[in-house]
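See below for the structure under consideration.
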Amino acid sequence: MTENGGGTTAAAGTGGGARVLVVDDDPHLLKALRITLGAHGYTVDSAGDGAAAVEAASRTAPDVLVLDLGLPDMDGVDVLRDVRRWSNLPVLVLSARHGSSDKVGALDAGADDYITKPFGLDELLARLRALLRRVPAPEAAPVVASAAFSVDLAGRRVDRGGSPVRLTPTEWKILEILVTNPSRLVTQQQLLARVWGPGYVKEANYLRVYMAQLRRKLEPDPGKPRHLLTEPGIGYRFVP
1 MTENGGGTTA
11 AAGTGGGARV
21 LVVDDDPHLL
31 KALRITLGAH
41 GYTVDSAGDG
51 AAAVEAASRT
61 APDVLVLDLG
71 LPDMDGVDVL
81 RDVRRWSNLP
91 VLVLSARHGS
101 SDKVGALDAG
111 ADDYITKPFG
121 LDELLARLRA
131 LLRRVPAPEA
141 APVVASAAFS
151 VDLAGRRVDR
161 GGSPVRLTPT
171 EWKILEILVT
181 NPSRLVTQQQ
191 LLARVWGPGY
201 VKEANYLRVY
211 MAQLRRKLEP
221 DPGKPRHLLT
231 EPGIGYRFVP
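Note that the sequence shown covers residues 1 to 240 in UniProt numbering.
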């Protein structure tokens, strides 16, 4: 990391509290970025290899990911592909690879931007600000209603027939994902990664158990569900 023009011009506080996950196998660079980005108003998490990066991305829910391609256990592009299976967070690739094919490969895998080492702090901060501007501000959470039940996303409340329904935290997470994607197919892998983490994408039996519980609590006829539907072998769909 270098300074531009003999010093930085970005003012402290530009991060606005946004959470950044920085992934690099260079501990000195990680430390420098934690200090520097923290001084500019970012909340910074870090990881030194690919496995830790995927785990941290699912656990900390960063606003933006800064990802090195040359990691000790796996290529950064593979990390990017893994994260893209379940998240659309902005990704800024940070790498010593200068070849156009490396940049194209990273962008095709889902990166939003690419910066090469050595890089200037001002440029890094500007690219982070640009990526964060593309993330839409969250809208007020609505109440999603079906013929059998309603879900108050802001109040984290479910009602059926005018009476509240008690859900476990895991049941709520699954229901929240489904009702915020009405009529859309949500794959088993997407649900498992978002609820339990990317290490559980093959545990489809988890979903069968919890979907059965949700139907018992919410569907008028759990054996013939009208709203929480299964696409066999693929995933689930909420139909209002």
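The beta carbon of each residue, even a glycine, is placed where N, CA and C say it ideally should be.
Query                                                                                                                : Result
Residue 52 versus residue 119 - alpha carbon distance                                                                : 24 Å
Straight-line gap, residue 63 to residue 208 (C-alpha atoms, nearest Å)                                              : 31 Å
DSSP state of residue 127 mapped onto helix, strand, coil                                                            : helix
Beta-ladder partner(s) of residue 114, from DSSP                                                                     : 93
Own chain partners of residue 146 with C-beta closer than 7 Å, once the 5 adjacent residues on each side are dropped : 227 and 240
Those residues which DSSP pairs with residue 194 across a bridge                                                     : Paired residues: none, contrary to the question.
Contact under 8 Å by Cβ, residue 84 with residue 110                                                                 : yes
Beta-bridge pairing of residue 72 - partner residues as DSSP gives them                                              : Residue 72 is not bridged to any residue.
For residue 210, the first and last residue of its enclosing alpha helix (DSSP H)                                    : 204 to 218
Per-residue DSSP class, three states only, for residue 148                                                           : coil
Own chain residues within Cβ distance below 6 Å of residue 217, not counting five before or after                    : 165
Residue 25 beta carbon less than 8 Å from that of residue 198                                                        : no
Inter-residue Cα distance where the pair is residue 34 and residue 195                                               : 28 Å
Through-space distance from residue 92 to residue 19, alpha-carbon basis                                             : 13 Å
Candidates 89, 212 and 57, of which the one nearest residue 134 by Cα                                                : 89
Identified DSSP bridge partners for residue 19                                                                       : 43
Contact under 8 Å by Cβ, residue 201 with residue 193                                                                : yes
Enclosing beta strand (DSSP E) for residue 163 [first to last residue]                                               : 163 to 165
Residue 230 - partner residues in DSSP beta bridges                                                                  : 236
Three-state class that DSSP yields for residue 187 in the structure shown                                            : strand
Within 8 Å, strictly: CB atoms of residue 187 and residue 234                                                        : yes
Option nearest residue 183 by Cα separation, candidates 168, 149, 236 and 78                                         : 236
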